[in-house]
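Structure, as structure tokens:
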Amino acid sequence: MPLSSSSDCATPIAIWAISMPFGTPASLVTDAERILKKVGALRSLCVRLPHLETPAETLLLNRFDALASGPDRLTENDRDAVVVGWRRSWRTAETETVRRMAPRMDGNMVARDRSLAMLWVAATAPGWDTVQHSIWRCATCEADPRVALDVRQQTESPARPVSLLIVTLAPPFVTARRRSRAASATSNPRDAVRRFIEDALGAPWTALGDAGVFLLHAVKCAIVRNHHGSQNPPARTVDRCAPQHLASELNVIKPFVVVTMGLMAYRALVRALETSSSPLHPPARLPLTEPPVVASTDGVLVDQASHSFRLFVSPFIRTPRFRRVAAAILTRAASAAGIRSDA
């Protein structure tokens with residue numbers, strides 16, 4: 017029986033006895049079954065065999081190991097070494113290496129390379145799904161009458177490294193009889209925040225996502241309006257929610273640039289960073305209630321133990337004036353993230 021070889025394992029081109037009409041001699045069927053068993057055993061053996069490096073791979077892996085231990089940004093010249101190194105990391109179940117190195121690379125470079133993109137998504141998706149399941153099951157705010165527990169964020173895993181993360185306030189409130197996924201900027205084409213972002217950056221939502229734009233909420237459940245009609249999340253709610261959930265999301269995606277829209281979104285980011293810091297690396301010195309004034313186009317560098325990013329602080333889009341200010345800040349942040357105004 018002829019076999020064809022691939023880079024992973026030998027597989028049969030065809031087992032013609034399978035396609036024989038009814039009435040095929042029993043001996044032929046038995047032979048086909050025997051061959052299938054042998055091929056199955058061969059495949060199992062191939063899975064267990066260690067990967068043997070070629071001389072070229074060895075050179076690239078040596079370069080990758082040097083790159084992995086350094087803090088510098090990675091460029092197109094490093095791409096081949098990173099591809100080979102990430103494949104090894106995936107084979108050896110060291111996906112944290114992929115997640116740790118991704119923020120040091122241009123997200124567009126990863127997105128353009130099918131191998132890098134697939135490895136990044138594969139390394140990120142399980143951790144992201146764990147965080148989203150935790151959000152769905154959370155009962156921390158059961159006693160808070162302002163929190164609509166039945167309307168929750170459930171955001172799909174990003175399909176590429178996040179170049180620009182936008183943190184807004186909360187999912188929009190609607191009356192719900194059972195727990196449901198919030199229809200927010202991430203899922204509703206008519207959402208006001210989504211339309212504002214599309215207008216400010218001059219591109220449709222799908223194109224922005226392909227370019228590395230991603231959106232999360234400061235708190236994960238919708239907020240019931242107060243007597244003033246405001247759905248702004250209370251500080252107490254932010255302080256409970258962000259250290260659990262936003263902190264976990266940031267740890268998975270490690271964005272390159274972050275924009276907070278609204279004071280409570282900024283507060284949520286500060287609380288999340290406090291949780292994710294380590295005793296050996298204190299949290300970034302961001303004041304809780306007074307956001308830094310970003311006078312330069314480069315934003316504020318936030319240096320964390322796990323990764324660093326540029327922060328831009330924007331008002332929420334409640335008034336025409338705030339919309340103009342927010343649009344200018346968002347455009348500057350997109351430029352810092354390497355995203356063109358037309359995506």
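In the working numbering, the protein residues as written are 17 to 359.
Where a beta carbon is used, it is the ideal one built from N, C-alpha and C, also for glycine.
All of these numbers come straight from a predicted model, not from anything done at the bench.
Would the stretch 155-167 and the stretch 184-194 be scored as touching if the rule is three or more Cβ pairs under 8 Å? The stretch 155-167, when compared against the stretch 184-194, does touch it at the 8 Å Cβ threshold.
My guess is that I182 and K236 are in contact by the Cβ rule of under 8 Å, so how many angstroms apart are they, rounded? Contact doesn't hold; Cβ gap of about 15 Å is too wide.
Start and end residues, beta strand (DSSP E) containing R168: That run of the beta strand (DSSP E) goes V163 to R168.
Closest by CA to A350, which one among T184, L180, D81 and R153? Ranked by Cα distance from A350, the options T184, L180, D81 and R153 are led by L180.
Under 8 Å by Cβ, that's how I've got L302 and L289 pegged, so tell me the actual separation to the nearest angstrom. Here L302 really is in contact with L289; their C-beta atoms are around 7 Å apart, less than 8 Å.
Do you know whose CA, among V309, F272 and W144, lies nearest Q320's CA? With distances taken between Cα atoms, Q320 lies closest to F272.
Of the choices R95, V274, D160 and L217, whose alpha-carbon is the least far from that of M121? Just measuring C-alpha positions, the residue of R95, V274, D160 and L217 sitting nearest M121 is R95.
Beta-bridge partners of H233, as assigned by DSSP: BP columns for H233 point to T184.
Where does L90 fall in DSSP's three states? Annotated three-state conformation of L90 is strand, per DSSP.
Using a Cβ-Cβ cut-off of 7 Å (strictly less than) and excluding sequence neighbours within five positions of R14, which residues of its own chain qualify? With the chain represented from 17 up to 359, any question about residue 14 goes unanswered, as that position is not in the structure.
Shortest alpha-carbon distance to A155 belongs to which of G245, A141, T171 and R195? Of G245, A141, T171 and R195, the residue nearest in Cα terms is R195.
Could you tell me which residues DSSP pairs with S324 in its beta bridges? S324 is bridged to D319.
Which stretch, first to last residue, makes up the alpha helix (DSSP H) that contains V274? Looking at the DSSP string, V274 is not in any alpha helix (DSSP H); the run it does join, the beta strand (DSSP E), is V273 to M277.
Among A343, A97 and W102, whose alpha-carbon lies nearest the alpha-carbon of A133? Here the closest residue by C-alpha is W102.
For H261, I'd like the list of residues in its chain whose CB is within less than 6 Å of its CB, leaving aside the five on either flank, ordered along the chain. Within the same chain, H261 has close Cβ partners I151 and K236.
For G245 versus L185, is the C-beta spacing smaller than 8 Å? Annotated as distal: G245 and L185, with beta-carbon spacing of 8 Å or more.
Where N93 falls, given that 16 or more other Cβ within 10 Å makes a residue buried: It counts as exposed.
Cutoff 7 Å; reference D314; Cβ partners in own chain excluding five residues on either side: In its chain, beyond the 5 residues on either side, R326 and A352 have a beta carbon closer than 7 Å to the beta carbon of D314.
Can you tell me which of A127, Q170, V126 and A159 puts its alpha carbon nearest to the alpha carbon of T146? Taking only the C-alpha atoms, the option nearest T146 is Q170.
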